[in-house]
Amino acid sequence: MNIFRLTGDLAHLLAIIILLLKIWKTRSCAGISGKSQILFAIVYTTRYLDLVTTFVSAYNTLMKIFFLASSYATMYLIYIKFKATYDHNHDTFRIEFLVAPAFVLAMLITHAYTLLEVLWTFSIYLESVAILPQLFMVSKTGEAESITSHYLFALGSYRALYILNWIYRYVMENNYDLIAIVAGIVQTVLYCDFFYLYVTKVLKGKKLQLPA
Amino acid sequence: EDWGYKHDEL
Chain A
1 MNIFRLTGDL AHLLAIIILL LKIWKTRSCA GISGKSQILF AIVYTTRYLD
51 LVTTFVSAYN TLMKIFFLAS SYATMYLIYI KFKATYDHNH DTFRIEFLVA
101 PAFVLAMLIT HAYTLLEVLW TFSIYLESVA ILPQLFMVSK TGEAESITSH
151 YLFALGSYRA LYILNWIYRY VMENNYDLIA IVAGIVQTVL YCDFFYLYVT
201 KVLKGKKLQL PA
Chain B
1001 EDWGYKHDEL
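From first to last, the protein sequence lines are chains A and B.
Using my numbering, the letters of the first sequence map in sequence onto residues 1 to 212.
Using my numbering, the letters of the second sequence map in sequence onto residues 1001 to 1010.
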């Protein structure tokens, strides 16, 4: 564990807490893409199957359980509890166009052909693009509430901090995983446009609004 | 194959 990895994990944790609190406090999931949340639930489910095979640490187990449970809780809030507030007309991204290619790619480029390994690789590929339905929704409506922007900023920062963690691990431990690194870079690049708007608008107290 | 690394990171 190094400082980049820890702050990355904490940013990820913060993002999820912000999202759950926003939905719970406002009793509304307006502006939140249910499609992205479905993808995150698939990502965590396929990646954390090792919960039943390998014990790393209490921290590791607790975080994995939290990410899994919170992703299902978020789906419950969006699709059941606050269904009436879900903005499905603007959440029209076809997730099969992300899930299918991620799976095919995981079958083609993976470290080993075992069930756990292929599913881990699939989850890494899928995570890198899982935010696209949410970004698509923001671009479609042309705006995002500030709280949604904070959520996106924390969620995007998490993988960017992981990249620093991977550089650190490569330098200090001569340890690296090319699949995670390339996917992590793709994931971070997808947020760049948003990061720019966040710094130039949201941090200056303005609402995130795209030019018409 | 470095499985430890894979299981450790989130």
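A virtual CB, placed ideally from N, CA and C, is assigned to each residue, including glycine.
Please read these numbers as outputs of a predicted model, since none were measured by experiment.
- Residue 133 of chain A is positioned such that its CB atom lies closer than 8 Å to that of residue 95 of chain A.
- Across the region 106-135 of chain A, CB contacts with chain B closer than 7 Å involve 111, 112 and 120, in sequence order along the chain.
- Shown here for residue 46 of chain A: same chain residues with a beta carbon closer than 8 Å to its own, the five before and five after excluded, namely 119, 120, 122, 123 and 126 in chain order.
- When beta bridges are read from the DSSP output, residue 209 of chain A appears opposite A:143.
- Between the region 27-39 of chain A and the region 81-89 of chain A, the count of C-beta pairs closer than 8 Å reaches three or more; the two stretches touch.
- Taking the C-beta atoms as reference points, residue 170 of chain A is found nearer than 8 Å to residue 176 of chain A.
- Residue 154 of chain A sits close to residue 15 of chain A, with the two beta carbons spaced by under 8 Å.
- Around the Cβ of residue 3 of chain A, a 10 Å sphere holds fewer than 16 other Cβ atoms; the residue is exposed.
- The three-state reading of DSSP puts residue 186 of chain A in helix, counting H, G and I together.
- Across the structure, residue 174 of chain A and residue 182 of chain A are spaced so that their CA atoms are roughly 17 Å apart.
- Taking C-beta atoms as the reference points, residue 18 of chain A and residue 109 of chain A fail to come closer than 8 Å.
- As the crow flies, the alpha-carbon of residue 140 of chain A is around 16 Å from that of residue 152 of chain A.
- Residue contact with chain B for residue 56 of chain A: present (Cβ-Cβ distance below 8 Å to some residue of chain B).
- Proximity to residue 24 of chain A across A:49, A:66 and A:73 peaks at A:73, based on C-alpha coordinates.
- Distance between residue 166 of chain A and residue 188 of chain A, taken at the CA atoms: about 14 Å.
- For residue 66 of chain A, the enclosing alpha helix (DSSP H) has its first and last residue at 58-76.
- For the 8 Å CB-CB criterion, residue 35 of chain A and residue 93 of chain A form a contact.
- Neighbours of residue 60 of chain A in chain B, taken as residues at a C-beta separation under 7 Å, are given in chain order as 1008.
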